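Colleague:
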Amino acid sequence: MTAPTYYLHHVCIYDGEPRTNMWTWLKWYHAIPQYYWGGEEFHLTDQGHVDYTFLACGSAFQVQLEAPPFQFEYERNWAERHGSGLNHVCWIVDSAKASYDHLLANGCKPAQEYTEFGVYNGFVAKDPEGRWIEIMEYVGDFKTPDVEFRPFGIPGLQMFGVTQFTNDLAGQVDWYCAVMDLRPIHGSVESGIVYLADRDYDAASRNVAMILAEPTSAAELVEYEKHGALIGAIDYQAVDFDRAYPDALAAGFAEVSAPALDARTGLNTAVLREPSGNLINLREVFTPNE
Ligand SMILES: [Fe+2]
0 MTAPTYYLHH VCIYDGEPRT NMWTWLKWYH AIPQYYWGGE EFHLTDQGHV DYTFLACGSA
60 FQVQLEAPPF QFEYERNWAE RHGSGLNHVC WIVDSAKASY DHLLANGCKP AQEYTEFGVY
120 NGFVAKDPEG RWIEIMEYVG DFKTPDVEFR PFGIPGLQMF GVTQFTNDLA GQVDWYCAVM
180 DLRPIHGSVE SGIVYLADRD YDAASRNVAM ILAEPTSAAE LVEYEKHGAL IGAIDYQAVD
240 FDRAYPDALA AGFAEVSAPA LDARTGLNTA VLREPSGNLI NLREVFTPNE
């Protein structure tokens, strides 16, 4: 079986108040590349329909704010168990069916079986630690629009990607590299954090990564205990880090820890909480170690 190529696209937040909470993101240099508030005529299944908003900030990676009622019962069950949380990471592929066969042959379990929705083909699988992986194959003209892939706004802010917490960092790095064809670009297993890039990563033009990390800080450990292995934080980097941080507070993000050197990454890092409660890491720009 030829392994599909996986490209990072978005992380989803279950957020019961997206119309209120999105203002915090918009005040922190984000844009809305697309929204789907179409009521019962769009992405309708026999179990529900969508309400979601995509937010972007200077990169190919985006955040999806998804609100009830949700398209499927299994999503409602997740929301009941976890409340607001970082629900899934989505990857774009050329063939969702090939990806479905590939991931299930490599230790994933289906959360939602392969489905042809008309505007896209896709499914949701659980990775070996149970985190949700959404796979999408665009069909026809349907596509969530991109924003410009360059540092944005006064502080040069970029939504950089997502952190997934694990207590088996070496095992999870091996799995994501072997199965989803990612490669390390920063950090190390020994330091407790590894930045992984997909095939299209380019520090100058497509600056996105998936980060695997052992939960370390008190805030991270609380999240890990609450949810189990989970998608733990959304990651940003800023050219003018010293400006991006107070701007985040002014926009309405809550402080978790003030800027300080993170020994794991060697980068100045602040931790914030977005309006529905999930962690945000803001770091200074780094130079990949490749
Ligand atoms: Fe999604």
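Numbering (numbering that gives the first Met the number 0), first residue to last: 0 to 289. C-beta: ideal position from N, C-alpha, C; glycine also. Just so you know, these numbers come straight off a predicted model, no measurement behind them.
Per DSSP, which one or two residues make a beta bridge with Lys125?
Modeller: Paired residue(s): Lys108, Trp131.
Colleague: Can the beta-carbon of Asp244 be found closer than 7 Å to that of Ala269?
Modeller: Per the sequence shown, the amino acid found at residue 244 is Tyr instead of Asp. Yes. Within cutoff.
Colleague: In whole angstroms, give me the CA-to-CA distance for Ser94 and Asp100.
Modeller: In a straight line, the C-alpha of Ser94 is about 10 Å away from that of Asp100.
Colleague: Around the Cβ of Leu64, are there at least 16 other Cβ atoms within 10 angstroms (buried) or fewer (exposed)?
Modeller: Under this definition Leu64 is a buried residue.
Colleague: Can you tell me the Cα-Cα spacing of Asp201 and Ser83, whole angstroms?
Modeller: Cα to Cα, the separation comes out at about 32 Å.
Colleague: Indicate the three-state DSSP secondary structure (helix, strand or coil) for Cys176 in the structure shown.
Modeller: Looking at Cys176 - three-state DSSP - the assignment turns out to be helix.
Colleague: Using the Cα positions of Arg130 and Glu74, report the straight-line distance between them to the nearest angstrom.
Modeller: Cα-Cα distance, rounded: 13 Å.
Colleague: Which residue from Pro183, Val188, Glu189, Ser190 puts its Cα closest to that of Ala196?
Modeller: Residue Pro183 is the option with its Cα nearest to Ala196.
Colleague: Which one of Ala59, Phe159, Tyr175 has the shortest CA to CA distance from Thr165?
Modeller: Answer by Cα proximity: Tyr175.
Colleague: Rounded to a whole number of angstroms, what is the C-alpha to C-alpha distance between Asn206 and Gly155?
Modeller: Rounded to the nearest angstrom, the two C-alpha atoms are 13 Å apart.
Colleague: Quick one: what's got a C-beta closer than 6 Å to Asp251's C-beta in the same chain, skipping five residues either side?
Modeller: Residue identity check: residue 251 is Gly in the sequence provided, not Asp. Around Gly251: Thr23.
Colleague: At the level of alpha carbons, what is the spacing between Gly227 and Asp14?
Modeller: Their backbone Cα atoms lie some 19 Å apart in a straight line.
Colleague: On the premise that Val10 lies in contact with Val123, defined as a C-beta separation below 8 Å, what is that separation, rounded to the nearest angstrom?
Modeller: Actually they do not touch by this definition, with Cβ atoms about 13 Å apart.
Colleague: Collect the residues with a C-beta less than 5 Å away from any heavy atom of ligand 1 and give them in sequence order along the chain.
Modeller: Working through the chain, the matches are Cys11, Gln63, Cys89, Glu133.
Colleague: State the beta-bridge partners of Arg182 as determined by DSSP.
Modeller: In DSSP, Arg182 forms a bridge with Ala196.
Colleague: Are the beta-carbon atoms of Gln157 and Gln61 separated by less than 7 Å?
Modeller: No; because the gap between Cβ atoms is not below 7 Å, this pair is not in contact.
Colleague: So, is Gln46 buried or exposed, given that buried needs 16 or more other C-beta atoms within 10 angstroms?
Modeller: It counts as exposed.
Colleague: Taking Ala30 as the reference, which of Met135, His48, Phe151 has the closest Cα?
Modeller: Among Met135, His48, Phe151, the Cα nearest to that of Ala30 is on Phe151.
Colleague: Pick from Phe53, Tyr51, Ala59, Tyr34: whose alpha carbon is nearest that of His8?
Modeller: Residue Ala59 is the option with its Cα nearest to His8.
Colleague: Could you tell me the alpha carbon to alpha carbon distance between Asn76 and Pro127, rounded to whole angstroms?
Modeller: So the alpha carbons of these two residues sit roughly 20 Å apart.
Colleague: Do you know offhand how far Glu189's Cα is from Gly265's?
Modeller: Going by the C-alpha atoms only, they are around 13 Å apart.
Colleague: Considering only C-alpha positions, which residue in the set Lys225, Val172, Asp239, Glu222 is nearest to Ile210?
Modeller: For Ile210, the nearest C-alpha among the options comes from Val172.
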